[in-house]
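Protein chains in written order, with this note's numbering: chain A, 36 to 1024; chain B, 85 to 174; chain C, 13 to 189; chain D, 4 to 419.
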Amino acid sequence: MTSYRLDKGGLIDRSKPLSFTFDGKGMIGVEGDSLASALLANGQMLLGRSFKYHRPRGVISAGASEPNALMTVAQGGRTEPNTRATMQELYEGLVAQSQNRWPSLNIDISSLNSLLSPFLSAGFYYKTFMWPAGLWERLYEPLIRRAAGLGKATYEADPDRYEKCWAHCDLLIVGGGATGLAAALTAGRAGARVILVDENAMIGGGLLSETATIGGVSAVEFAGRTVAELESLPNVQVLSRTTAFGWYDGNVFGAVERVQKHASEPRPEVPVERLWRIVAKQAILAAGAEERPLIFGGNDIPGVMMASAMRAYLNRYGVAPGKSVAVFTTNDSGYTLARDLEKAGLRLVAIVDSRRSGATAGVYEGSARIINGGFVPDAEGGKALSSITILQDGRKEKLAVDSLAMSGGFSPVVHLAYHRGGRPEWSDAEATFVAPEDHKGLSLAGAAAKASGLAGCLEAGARKAEALLGKLEIKADPAAFGAVEGDIVAAPTKPVWIIPGIKGKAFVDFQNDVHHRDIGLAVREGYGHVELAKRYTTNGMATDQGKLSNVNAIGLLAEARGVSPADVGTTTFRPFYTPVSFGALAGTSHGKHFQPVRKSPLHDWAVKNGATFVETGLWYRSAWFPLAGEKTWRESVDREAKNVRRNAGLCDVSMLGKIEITGKDAAEFLDRVYCNAFRKLPVGKARYGLMLREDGFIFDDGTTSRLEDERFFMTTTTAYAAGVMNHLEFCAQALWPELDVRLASVTDQWAQMAIAGPKSRLILQRIVDQDISNEAFPFLGAKDVSLFGGKLSGRLFRISFSGELAYELAVPAGYGEAAADALMEAGNEHGICAYGVEALSVLRIEKGHVTHNEINGTVVPTDLGFGKMVSATKVDFIGKRLLEREGLNDPNRLQLVGVVPLDSGTSFRSGAHVLEKGAEATLENDQGYISSSCYSPHVGSTIGLALVKRGSSRHGEEVQVWNGLLNEFTAARLCHPIFVDPANEKLKG
Amino acid sequence: MASLIPCPHCGQRPREEFTVKGAALVRPAADAGRNAWLDYVYLRDNPRGRYDEHWHHTSGCRRWLVVTRDTATHEIEGARDTAARTETVE
Amino acid sequence: MSVSAIEHRAALGGKAPLISTGVTLRTLPEGHVLHLLSASADSDVSATISAVLGCDALTKRSVSPGQWFVVGDEPLSAAALADIVKKVKPHAEVVDQSHGRVRIAIAGAKATSVLAKGTAADLALNVFPVGHATTTLIGHIATHITRVSEDGFELMVLRGFAESLWEELAELSVEFR
Amino acid sequence: MRYSAFSILLNGLRGNTAWKPAWRAPKPKPHYDVIIVGGGGHGLATAYYLAKEFGIRNVAVLEKAYIGSGNVGRNTTIIRSNYLLPANNPFYELSLKLWEGLEQDLNFNAMISQRGVLNLFHSDAQRDAYMRRGNAMRLHGVDADLLDRTKVRQMLPFLDFENARFPIHGGLIQRRGGTARHDGVAWGYARGADSMGVDIIQECEVTAIRRENGKVTGVETSKGFIGCSKLAVAVAGNSSQVAAMADMRLPIESHVLQAFVSEGLKPFIDCVVTFGAGHFYVSQSDKGGLVFGGDMDGYNSYAQRGNLSTVEHVIEAGKAMIPALSRVRVLRSWGGIVDMSMDGTPIIDRTHIDNLYLNAGWCYGGFKATPGSGFCFAHLIARNEPHAVTREMRLDRFERGYLVDEKGQGAQPNLH
Ligand SMILES: Cc1cc2nc3c(=O)[nH]c(=O)nc-3n(C[C@H](O)[C@H](O)[C@H](O)COP(=O)(O)OP(=O)(O)OC[C@H]3O[C@@H](n4cnc5c(N)ncnc54)[C@H](O)[C@@H]3O)c2cc1C
Ligand SMILES: NC(=O)c1ccc[n+]([C@@H]2O[C@H](COP(=O)([O-])OP(=O)(O)OC[C@H]3O[C@@H](n4cnc5c(N)ncnc54)[C@H](O)[C@@H]3O)[C@@H](O)[C@H]2O)c1
Ligand SMILES: Cc1cc2nc3c(=O)[nH]c(=O)nc-3n(C[C@H](O)[C@H](O)[C@H](O)COP(=O)(O)O)c2cc1C
Ligand SMILES: [Zn+2]
């Protein structure tokens, strides 16, 4: 016998069939079905295989806690492994595959593992597979890995859209059952900003499978009406299919909305999932309570399920679990199901009640056989339940049944309340772990707070909303509802952790195949602490995070250790309440949009000139500008570099950080943030500056120009632009708030161009209105200039990175492209070329100028030959005091040197190390490393800058440049780090 | 609660708008002894509990704040502009 | 040299407005953005500056304590700028950011919903009224937001990020188009 | 009881009822030669090597919760020795060598898996930095290989090679690097130490350090006073707290670092990969979960949990590196408190207080150091002088100016 669809009842639309496939087999469900209910309606009881023993498994729950019915849904880039069939809404054309079986779900070879189970007990792998050592990676581990895991993920890219969203509210309500609805209504009517989230497609929680009435209307109708009213209120937002997965600091809740996971064809303009970050002034956790399984042999056989789940299939989905049903319960709630089963006309074989006294008087008026003080120690069957053994007063009896409902009592769903620390405590009276009602910013209500009965939950929700809004000074009247009828209110009963007389395997954690003996073994082996037991047995570590198993495992641990569950305690609750996709958490950030792009105002100019771009931080920088016929990047770069030294070139340096510094104390401020002096810098002059960190190491470098007495223009390196600005703001605001200094980042205001080369002045003069002759505008000049006959104004700096006669011209960004075009045009007859960062790098290495290749956070000024820049007279500057330490002045420190190969036909690269000539290649013999290198068309060979022990005193020494990674070993000579024009004649001419 | 920082100028903003630097310490005088400087740069109380630290509202008002936060609970007691030596904002 | 063609080029030049019933995105003219920085954050300084410039909260937008942006659709001539500098100078420094910042207008019934996909700032009208301005992250991009009407905002962003922000907003508003 | 396939068979046939505790649960003795504070990987390994290599067996490990409750039980399990600086590289290589024989040594399968650690690079500058590092490794005889884009693509075709914001240029791989089962390491050392007589005392929190005449004589604990001749502190994220009991301030901040595991999957990714264009690294556990992590949250914390913004930051980078992760679901996130030192390098040293030894500052990278740290710390405690490979991991390096700063970030722990 199997499960089947009833002809009537349920919140489904039998007139709207939906076809889908399971393992390739076509099936029909109806609108309103979950994948699980549709499979059951098709008589498909066997839905998956367990993790370790590959036991046949069906569905055990009807909601988020499902450990068994996991399947891979959809195909191609939409493939989703490990989807809980209970939470997946059915849609037309859905394709589902079972998992963790080979060759098929029915015949799974690995189910033989069950036979080996005595040797596969908890933690067995820690005890073996050690010999021979080499076989672990090659044999054992691949075998284990292939057997382990669950579904198979795709390698295809996801075609769908995701996004994130922030929301703010006075009151967030998690859970849309009776409690949550009552709370939302109360708060919504009071005008508060309310957000109600529920993980299900339909709001209503337990109401949706309830047969009781509220104020004379059915629970289902009550839910519908309430939701309709809430949706009509502009101050209330109702989010179905939305799971609150985490509670974070600041009362921020993470939630994920499955916007289109139920759509056959997701609309491309709408995300499939949306991540919500909800900032709530107050929140109510109305997440309900979870029914606990009972631990008996064969409790995992398809056909055994939670009583509340069976009730949901029956009442909500119109699906019968089988033809002959038994109920095994430890408390009154099992009778609710019994009553509904009988009402639906199913054959109720027996109600086995562990309590000797049986049900509370008046609870059950049906006709089923009731076995008080009875237990089900074992269930039998392979891929479907066939019978159960009943034990009563030592007597055993076998009953043929095809489905069995179990109820071991209820545990409040308190998960979220402990994401920010703390643990629930055991209550003997409630026979479960309970949480205090009020946490800071989050309160529990309803079944989550042990309120019992529908009426109790309605009232609890309304009252809690009223109280919390009170804290926000919003007056609310608790919503009132009519009388509840037909609800069985189950009082807590003493839990039965383990059913006496078990023969078969009794599972605690279904998905991870942890059975009751594993728990005992863990205690015996010293892993009895609840956290150690979890890790040793893996109980609670599966995709369901122990929603059904944790409390039972604690009960078993308590029994095995001979203590109370209070002494065992729980493991830690952590996000995610249920698993969340990478897609949702990444939102729109992926692929090319992983990070925003920052574009130079000269970007289009560079494109026009044929630039090849390179990512530099968020910028795209022009790397080189290939001409027709140039086959390698080196050809282009050599040409550009040569041309700059021969004629002139234009390079986009707009991405340098630029900071305008004003205020009465601007000069004093600069004096404190640079290690060299700035106070006396004359107006109209630029100066190279070195900024240290407080620990004495170099932070950044750049030039700063004095435009007016109290106005400076600082440039920083591209990489550190943001860091320097933050640092200067720190200095100004935190260290020296008494100084009048004002900082404005103007990086994006200016398009900045380096115009370098012997012809640069000629070219520039054609567009600059003022005289820029050497006399009128000498080296390190800086001034505002008028351009194009007064059409534009800009800033001109006579500074040189290339070592040539050179300028940097800044023009307002919107005119950058026009100015660059004009310069190229003006320079045409002088042979100007565009050059990129590669040629720029060649030129600067030839001149021994350092960048962050050298300023890598571990160098001090003397290492780079900048010792003289460190002011000896300034009383204070950042980095002054700790620069004095012994280690920072050790003569053995790495210092900047130049390197050239002995044979110009050979080369080396950055990242190679330097060894003494003939020295053995060992770490002890390591003398330093090449920090920058390039082919220098002017020297005619590779050249490099290196940081080498005592480097500055070793010029002329022959060394070997050692690159073991690439098998390149180059005889070379250390030399002065300036390869071109050491007397600096060109740049001053 | 380091997922929202209550900026005294901008209100509650998410952590990603901020840069956190570390303990809000007083920089020693230029002529303070070597040990004072070593302490300042390297040694930390690193308390479990109440802690004053520097946060920069980098993608907001760009002010440096002193945030008083509990390192055990992440609860924020208040935040003030580092230049405004007194007032705090809840 | 002949310089007939010193043309201004807008960072978002050529981006046609994206218009729908839910939300409209359009680029704003690259007029002027002046960054005012005063030594003090006192509110009377702010009032004084507003008075000397004769501007309202939609023109002079708050940036951070003691800092404002003065914004307009028209580019300023050198003389006009000099005039403003002269007026403001006793109270604040002026740094021209007209080219460094780019403005985008977003408006419509769904404008707040689109922005909420990017920013954590609460944009509810009573919390963020017309004239209110703040800098915040939209996605990964720092953006200065000013509410200019009940359902309209002006966004101001570093020029280099303008295109990325535009694309991000276009992406986030797709579902309302 | 020795572990083997045979013992499993035998015990299995007997219903698995005869297994003995992996370690005892002893009552503390009044006095030990050495007390180790902290039942993490380092503390347990120290005890193990003290007993095994240095013959000091009258040792107790005091753990405030359960063993492995600290970072050893919450890290992303990566082991490697791909360090740049000569002050670090030989130490981590010693550690990796110890890993290589560990399971046989301990008779405990800690699932040490040398599946390779690949660091991707996305720019020339990153390549040069990896080149420098790879060569430093080679100079010390450590395996390192530079892979170009094509080779990386052959290895991991599902990385984003088509549409990446920061295209992958290549990678540096250490094939001997890999992973080890975090808990297994703690348990293996605990069992090994216990078998040589070490007392492992759980739920025993050290609350004060008793000093007489400037010398440490014992500790106050939640189980009373326990005397010792030498006190060795290996409490990772709690280093400052315990040091404060001896009136010491350390160049350390405690920060929260999060880690994550996905739902179980069939084999998806073979090696450990780190993204060079964002904060993300990933490997797959033997159980099938993708274990991954990224950057620290950035603020001081003792809370063992982080915030959502960091989660998003990490996951964004993850999806950027492997687009196909989009539909994979994250199962759980947690945090650990890491002891970030001011230069990013650990401290294994004596202190200015007699009998007090310190092992701290492991940042987010001390799991791989576990065997080496235990071995060298035991050496220091037993011999009173540092092991050669930890010579520069001194406490006074900050005042002397001999920093060991792999990243060059200076004295700001959250940047290391
Ligand atoms: C998320 C995360 C990921 C990481 N990933 C890696 C990685 O991939 N590779 C890697 O190499 N490293 C990694 N690390 C770092 C690594 O885990 C740690 O550096 C290392 O585990 C620290 O040493 P330990 O094992 O001894 O520390 P712990 O395990 O933290 O041990 C310290 C112990 O001291 C105990 N203790 C503290 N105070 C007291 C007291 N007063 N009395 C008694 N006991 C006390 C604690 O309870 C704790 O058990 C990661 C860390 C984290 C948090
Ligand atoms: N107290 C008990 O032990 C107990 C036991 C069984 C039934 N009940 C009955 O159940 C009803 C309880 O009503 P209720 O409203 O408190 O609970 P409920 O179970 O009806 O509703 C809770 C809702 O919250 C959803 N939810 C849980 N966690 C979520 C999350 N993180 N994100 C989004 N949604 C989440 C659930 O899916 C469910 O829809 C009453 O009728 C009560 O009598 C109580
Ligand atoms: C390498 C590794 C793999 C893990 N795999 C899982 C897992 O598969 N399932 C799970 O629930 N938790 C897993 N965890 C997380 C632990 O459950 C736990 O969160 C972590 O050890 C921190 O402990 P705590 O959460 O108890 O504080 C894993 C942890 C680590 C370090
Ligand atoms: Zn702010």
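Note that beta-carbon positions come from the ideal geometry of N, C-alpha and C, so glycine has one too.
Remember, predicted model here, so these are calculated numbers, not experimental data.
How is residue i classed by DSSP in three states: helix, strand or coil?
| i | result |
| --- | --- |
| A:Cys-204 | strand |
| D:Phe-343 | According to the sequence displayed, residue 343 of chain D carries Met and not Phe. Strand, per DSSP. |
| A:His-1027 | Residue 1027 of chain A lies beyond the residue range present for chain A, which begins at 36 and ends at 1024; the question has no answer from this structure. |
| A:Pro-743 | Strictly speaking, residue 743 of chain A in this sequence is Glu, with Pro absent from that position. Strand. |
| A:Tyr-1033 | Nothing about residue 1033 of chain A can be read from this structure; chain A reaches only from 36 to 1024. |
| B:Ala-168 | coil |
| A:Phe-86 | coil |
| B:Val-173 | Since pLDDT at B:Val-173 reaches only 45, below the 50 mark, its modelled position is unreliable, and the value read off the structure follows with that caveat. Strand. |
Looking at the unbroken alpha helix (DSSP H) that takes in residue i, where does it start and where does it end?
| i | result |
| --- | --- |
| A:Arg-1032 | This structure leaves residue 1032 of chain A out entirely; chain A is present only between 36 and 1024. |
| D:Val-331 | Element bounds for D:Val-331: n/a, residue is neither H nor E. |
| A:Pro-177 | 176 to 182 |
| D:Ala-48 | 44 to 57 |
| A:Tyr-370 | 368 to 378 |
Got a sec: does ligand 3 put a non-hydrogen atom nearer than 8 Å to the Cβ of residue i?
| i | result |
| --- | --- |
| D:Lys-290 | yes |
| D:Gln-261 | no |
Does the distance from the C-beta atom of residue i to that of residue j stay below 9 Å?
| i | j | result |
| --- | --- | --- |
| C:Glu-19 | C:Pro-87 | no |
| A:Ser-1034 | A:Ala-789 | Coverage of chain A is limited to positions 36 through 1024, which leaves residue 1034 of chain A absent and any answer about it impossible. |
| A:Ala-71 | C:Arg-171 | no |
| A:Trp-640 | A:Glu-852 | yes |
| D:Ala-183 | D:Gly-71 | no |
| A:Ala-712 | A:Lys-909 | yes |
| A:Val-718 | A:Asp-744 | yes |
| D:Ala-48 | D:Arg-194 | no |
Going by DSSP, what residue range makes up the beta strand (DSSP E) through residue i?
| i | result |
| --- | --- |
| D:Ala-362 | What sits at residue 362 of chain D in the sequence shown is Asn, not Ala. Run containing D:Asn-362: 359 to 363, per the beta strand (DSSP E) assignment. |
| A:Leu-591 | Where A:Leu-591 is concerned, there is no enclosing beta strand (DSSP E), although the alpha helix (DSSP H) it sits in stretches over 585 to 596. |
Ligand 4 heavy atoms versus the CB of residue i: any closer than 8 Å?
| i | result |
| --- | --- |
| A:Gly-866 | no |
| D:Arg-83 | no |
Within the present structure, is the beta-carbon of residue i separated from the nearest heavy atom of ligand 1 by less than 8 Å?
| i | result |
| --- | --- |
| D:Tyr-302 | no |
| A:Glu-959 | no |
| D:Asn-74 | yes |
Can we count residue i as close to ligand 2, meaning its CB is less than 8 Å from some heavy atom?
| i | result |
| --- | --- |
| A:Ser-343 | yes |
Within 6 Å of ligand 4: residues by beta-carbon to any heavy atom
Taking each Cβ in turn, the ones that pass are B:Cys-91, B:His-93, B:Cys-94, B:His-141, B:Gly-144, B:Cys-145 and B:Arg-147.
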